[in-house]
Amino acid sequence: MVPTKEIIQIFKRQLIPISLYLFVNGLFVFKYFSRAGVDPLVSLSIYIVSILIALFSFYSLADKISEKTYKVTYWSILIVMVLIIIGALVFIDPYSIRVDRWSALSFFWDNFLQGKYPYSAHTHVSLTNYPSPFPLWHAINFPFYLMGDVGIGLIFFLILTVYFVRYFFSSYRKSILFIIMLCFSPAYWWEVAVRSDALNNAFLVFILILWLTKSGRSISNSFFLIAIVCGLISSTRLTAIIPLALYFFKPYLQLPCKQKIVFLTVVLATFSLVFSPFVFWDTNTWIFFTRNPFMSQADKGNIYIFISMIILGCIMALQWKNIQQFFNITSLFIFIFMLLSQIGLIYADGAKNNLFSDYICDISYFSLLLPYCLVSLENNFTIESKESLLIHN
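Whatever position you read off the sequence shown (first residue = 1), add 4 for the numbering used here.
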């Protein structure tokens, strides 16, 4: 059994990811348990204490468990989670949900297949809510639409993420905490219950970063591949740009001036190419310029917060030296970005609402930090993993 003193040191190394994990999931516990008639402070306290006890128990017994046991447990948890997701997709009526991310994807393709401009499709929640995901993300979700439910993407991206976490760490012992803590995350199960695709997109970017790090690919040795991939990922969701920018900003600055220009040109060309079918959908009315996915997001932003976050992002992107520091910085930056964005929305609304008001705020955006937060828990688990997983720039 691991000595208590050593476990305390592990907790100290994990202060940022543990705090962020508890904050994000605590928001969901506080908000939705109160709606169920349960005292939110009591439920939040029980949840936090339970997670801390579970982590302490895991760290105490981790060395006593065999790799084979970890392997069986790892895939067993995945199977259980997949079965729960299937149950949610079968028994939860999507039209009863007041979250329209699933219908933004589904109704987009309804319009497209009927020959109508896809971005003019409103969602099931409101006649003024339109699809905000970028074209490539719609294309990625098209196979799930053809299967009858875009929510099937939840299963696909969960399996893919769990596989790549195992691939990244090359050990079930070092990987299992990721899936355990994801399973204990109310924020994740909210995504499942409402058929949200936001965390799926975050998983996609996360998987790409794991693959790039593990394979040693970087701007210096895979210049055009990285540029094209950045352009493609940027064509999925606006939030997908954040981790990529933090990951590639420092090596990008190290490029010669000519390569900097070429890299940005390839990224923008790829991005533009993906959007071009919708820009030129109707050259008589140029409908794209009156209804496009940028409009659904830009009207809610605060220019001062946005500029501040660009400056902060540049500073933070220059600070990390290994992949563990990148995970911590990315999860922390996403937290700060989303917190200030929500505060900006509250302020713009005249401070009439709070973080739990559905009308103006959306706490689900905090869930985007979960992949980096959870992998930080894994990577901080032993000193060995922290020292060995260096980034290749």
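In this text, a Cβ means the ideal position worked out from N, Cα and C, and glycines have one as well.
Integer Cβ distance of residue i from residue j, believed to fall under 8 Å
i	j	result
Thr165	Phe210	7 Å
Val33	Leu48	5 Å
Asp104	Thr127	4 Å
Ile20	Asn326	About 15 Å; that fails the 8 Å criterion.
Phe161	Leu208	7 Å
Asn25	Met185	The question names Asn, but residue 25 in the sequence shown is Tyr. At roughly 7 Å, the Cβ-Cβ gap stays under 8 Å, so Tyr25 and Met185 are in contact.
Tyr121	Ile291	5 Å
Ser300	Tyr51	Ser300 to Tyr51, Cβ: 33 Å. No contact.
Phe188	Glu382	Not quite, the Cβ-Cβ distance comes to about 14 Å (not below 8 Å), so this is no contact.
Ile223	Phe253	About 10 Å; that fails the 8 Å criterion.
Leu250	Met320	7 Å
Phe267	Leu259	7 Å
Val86	Ile183	That pair is no contact at about 11 Å.
Ile338	Leu31	Rounded, the Cβ-Cβ distance is 14 Å, inconsistent with contact.
For residue i, the first and last residue of its enclosing alpha helix (DSSP H)
i	result
Lys218	Ala202 to Ser219
Lys262	Cys261 to Val283
Asn29	Leu19 to Arg39
Tyr123	Here Tyr123 belongs to no alpha helix (DSSP H), and DSSP marks it neither H nor E.
Lys68	Careful: Lys68 lies outside any alpha helix (DSSP H) and carries neither H nor E.
Phe148	Pro139 to Leu150
Asn115	Arg105 to Leu117
Gln328	Ile327 to Ala352
Ser179	Tyr176 to Cys187
Ile96	Looking at the DSSP string, Ile96 is not in any alpha helix (DSSP H), and its letter there is neither H nor E.
Phe173	Gly157 to Phe173
Ile314	Ile307 to Ala321
Ile246	Ile245 to Leu257
Tyr192	Pro190 to Ala197
Val233	Phe227 to Ser238
Residue i versus residue j - alpha carbon distance
i	j	result
Leu399	Leu336	A query on residue 399 cannot be resolved here, the shown segment of the chain reaching from 5 to 397 and no further.
Asn204	Leu65	32 Å
Pro190	Ile307	32 Å
Leu131	Tyr123	13 Å
Asp97	Tyr36	19 Å
Ser80	Asp201	24 Å
Trp285	Leu117	14 Å
Phe82	Thr289	One point to set straight first is that residue 82 is Leu, not Phe, in the sequence displayed. Going by the C-alpha atoms only, they are around 49 Å apart.
Arg17	Asp114	49 Å
Val129	Gly317	34 Å
Thr274	Leu322	26 Å
Tyr369	Thr334	14 Å
Ala125	Ile57	47 Å
Ser380	Ile101	32 Å
Lys390	Leu257	Confidence in Lys390 is poor, its pLDDT being 37 and thus under 50, which makes the residue's placement too unreliable to answer from.
Leu45	Ser38	9 Å
His396	Ile232	In this prediction, His396 has a pLDDT of 38, which is less than 50 and means its spatial position is unreliable; what the coordinates show is noted afterwards. Spanning the two alpha carbons is a distance of roughly 19 Å.
Leu181	Phe282	42 Å
Cys261	Met151	47 Å
Pro375	Ala352	30 Å
Thr287	Ser280	12 Å
Gln13	Phe60	11 Å
Gly4	Arg177	Nothing can be reported for residue 4: it is not among the residues displayed for the chain, which extend from 5 to 397.
Phe146	Ser179	30 Å
Phe330	Ile315	17 Å
Val270	Pro7	53 Å
Phe310	Ile69	47 Å
Buried versus exposed call for residue i [16 or more other C-beta atoms within 10 Å across all chains shown]
i	result
Ser110	buried
Ala244	buried
Gln346	buried
Glu195	buried
Cys377	buried
Glu10	exposed
Thr73	exposed
Ser107	buried
Ser371	buried
Lys264	exposed
Glu71	exposed
Ala40	exposed
Ser54	exposed
Pro247	buried
Val84	exposed
Tyr400	In the structure displayed, the chain extends from 5 to 397; residue 400 sits before or after that span and is not available.
Proximity test, residue i beta-carbon vs the ligand SAH heavy atom, cut-off 7 Å
i	result
Gly235	For the ligand SAH, the structure offers nothing, since it holds no ligand at all.
Neighbour flag for residue i against chain D, beta carbons, 8 Å
i	result
Phe15	Among the protein chains of the structure shown there is no chain D, as only one such chain exists.
Q) Given 8 Å as the limit, is there contact between the stretch 334-345 and the stretch 291-299, that is, 3 or more CB pairs closer than that? A) no
Q.
Within 8 Å, do at least three Cβ pairs link the stretch 127-140 to the stretch 233-240?
A. yes
Q: Evaluate contact between the stretch 153-163 and the stretch 85-105, counting only Cβ atoms and requiring at least three cross-stretch pairs below 8 Å.
A: yes
Q. So does the stretch 167-174 actually touch the stretch 211-221, counting three or more Cβ pairs closer than 8 Å?
A. yes
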